[in-house]
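Novice: The sequence shown begins at 0 in numbering that gives the first Met the number 0 and counts up by one.
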Amino acid sequence: MEISLSRLPKEEQVTLTLGSVFEQRGYRRYQMSNFETYDMYLANKSFLESEGVITFTDASGRLMALKPDVTMSIVKNTKQNDTSNKLYYIESVFRSVEHGSNYREIPQMGVEYIGAKSAYAEAEVAELAVRSLEAISKDCILNISHMGFITGLLNSMNIPDDLRGDIVKSISGKNEHGVIAAASAAGCTEQQVQTLSGLVQLSGRFKSTLKKAENLVENDEMKTSLAALK
Numbered sequence: 000m001e002i003s004l005s006r007l008p009k010e011e012q013v014t015l016t017l018g019s020v021f022e023q024r025g026y027r028r029y030q031m032s033n034f035e036t037y038d039m040y041l042a043n044k045s046f047l048e049s050e051g052v053i054t055f056t057d058a059s060g061r062l063m064a065l066k067p068d069v070t071m072s073i074v075k076n077t078k079q080n081d082t083s084n085k086l087y088y089i090e091s092v093f094r095s096v097e098h099g100s101n102y103r104e105i106p107q108m109g110v111e112y113i114g115a116k117s118a119y120a121e122a123e124v125a126e127l128a129v130r131s132l133e134a135i136s137k138d139c140i141l142n143i144s145h146m147g148f149i150t151g152l153l154n155s156m157n158i159p160d161d162l163r164g165d166i167v168k169s170i171s172g173k174n175e176h177g178v179i180a181a182a183s184a185a186g187c188t189e190q191q192v193q194t195l196s197g198l199v200q201l202s203g204r205f206k207s208t209l210k211k212a213e214n215l216v217e218n219d220e221m222k223t224s225l226a227a228l229k
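1. Rounded to whole angstroms, what's the CA-CA distance from residue 187 to residue 19? Just pull it up for me.
2. For residue 84, which residues does DSSP report across the bridge?
3. Which residue or residues does DSSP assign as beta-bridge partners of residue 89?
4. Is the CB-CB distance between residue 108 and residue 72 below 9 Å?
5. Counting only the same chain and skipping the five closest in sequence on each side, list residues whose C-beta sits under 8 Å from that of residue 59.
6. Between 102, 195, 113, which has its C-alpha nearest residue 78's C-alpha?
7. For residue 198, is the classification buried or exposed, using 16 other Cβ atoms within 10 angstroms of its Cβ as the cut-off for buried?
8. Distance check for residue 13 and residue 28, CA to CA, integer angstroms please.
9. Leaving out the 5 sequence neighbours to the left and right, which residues in its chain are closer than 7 Å to residue 191 when beta-carbon positions are compared?
10. Does DSSP classify residue 174 as helix, strand or coil?
11. Taking only three categories from DSSP, how would you classify residue 29?
12. Thinking C-beta only, is residue 67 closer than 9 Å to residue 89?
13. Suppose you measure from the CA of residue 32 to the CA of residue 128; what does that come to, to the nearest Å?
14. Report the option in 147, 206, 170 whose CA atom is closest to the CA atom of residue 219.
15. So, residue 37 versus residue 86, is the Cβ gap smaller than 9 Å?
16. Within 10 Å of its beta-carbon, does residue 96 have 16 or more other beta-carbons around it, so buried, or fewer, so exposed?
17. Just verifying my parser: in three-state terms, what is the DSSP assignment at residue 217?
18. Which same chain residues, not among the five before or five after residue 167, have their C-beta less than 7 Å away from its C-beta?
19. Who does residue 122 pair with in a DSSP beta bridge?
20. In whole angstroms, what separates the C-alpha of residue 228 from that of residue 134?
21. Beta carbon of residue 117: closer than 8 Å to some heavy atom of the ligand NAD?
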């Protein structure tokens, strides 16, 4: 007996639809344990969105953690070879909220492309992102950016690495006031602050936004990043 997708809850519809789309593109499902050794997360804590990790000691005395992230586990357990690994996952992660006093379980579904970098692979992942959004709602917008463009601009301004975090975070969050405050605190000139805050306004239709970005290019790193987006 077949059951129509429309009779299922929206969350299950999306999960089944995307699982089918991912597998059609050659992605295999990756399933992991709820637990990983804590030392893996400790060694890569800068990668995590939250510093709070739920830990416990297992029967053998090892310090374990409820997984706060899926990507690190996939990278750790995937063999590095000459071929690309195309994986997708349906998992829950556990992260702290309210300054670490409480934790919540967050369902996640996504893909990981591990292997040789190529324009085709990047385009495929972007296309899957569009399909994923459309499975949830046709009324959606996909934002695409390139970290190399921002890094190139910061390099041209000789901003020290340890002062870049708040600037990048504010740019990513489209927080113009945050960019101005962070750039000023980093000792940027008035012109540099104005240029960095202008990055917040770089949004809209692809071709017109790309044209605006071209006017900000200061070095080859930024030029290469824009070429990759094209």
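Built from N, CA and C at the ideal position, the CB exists for glycine as well. Predicted model, so just to flag it, every value in this text is computed and none were measured.
Specialist: Concretely, from the data shown:
1. C-alpha separation (whole angstroms): 49 Å.
2. 113.
3. Residue 89 has 108 as its beta-bridge partners, per DSSP.
4. In this structure, residue 72 does not lie closer than 9 Å to residue 108 by Cβ.
5. Hits under 8 Å: none found.
6. Between residue 78 and the set 102, 195, 113, the nearest pair of CA atoms involves 113.
7. The C-beta of residue 198 has 16 or more other C-beta atoms within 10 Å across all chains shown, which makes the residue buried.
8. Cα atoms of residue 28 and residue 13: separation of roughly 16 Å, rounded to the nearest angstrom.
9. Closer than 7 Å at Cβ, skipping near neighbours: 156, 182.
10. In the structure shown, residue 174 sits in coil (DSSP, three-state: anything other than H, G, I, E or B).
11. Residue 29 falls in the coil class under three-state DSSP.
12. In this structure, residue 89 keeps its C-beta atom at 9 Å or more from the C-beta atom of residue 67.
13. Looking at the two C-alpha atoms, the distance is approximately 25 Å.
14. Among 147, 206, 170, the Cα nearest to that of residue 219 is on 147.
15. Not in contact: residue 37 and residue 86 (Cβ atoms no closer than 9 Å).
16. Looking at its Cβ environment, which holds fewer than 16 other Cβ atoms inside 10 Å, residue 96 is exposed.
17. Correct three-state label for residue 217: coil.
18. The beta carbon of residue 167 is closer than 7 Å to those of 149 in its chain, skipping five residues each way along the sequence.
19. Answer is none; residue 122 lacks a bridge partner.
20. Looking at the backbone, the Cα of residue 228 and that of residue 134 are separated by about 24 Å.
21. Ligands displayed in this structure: none; no statement on the ligand NAD is therefore possible.
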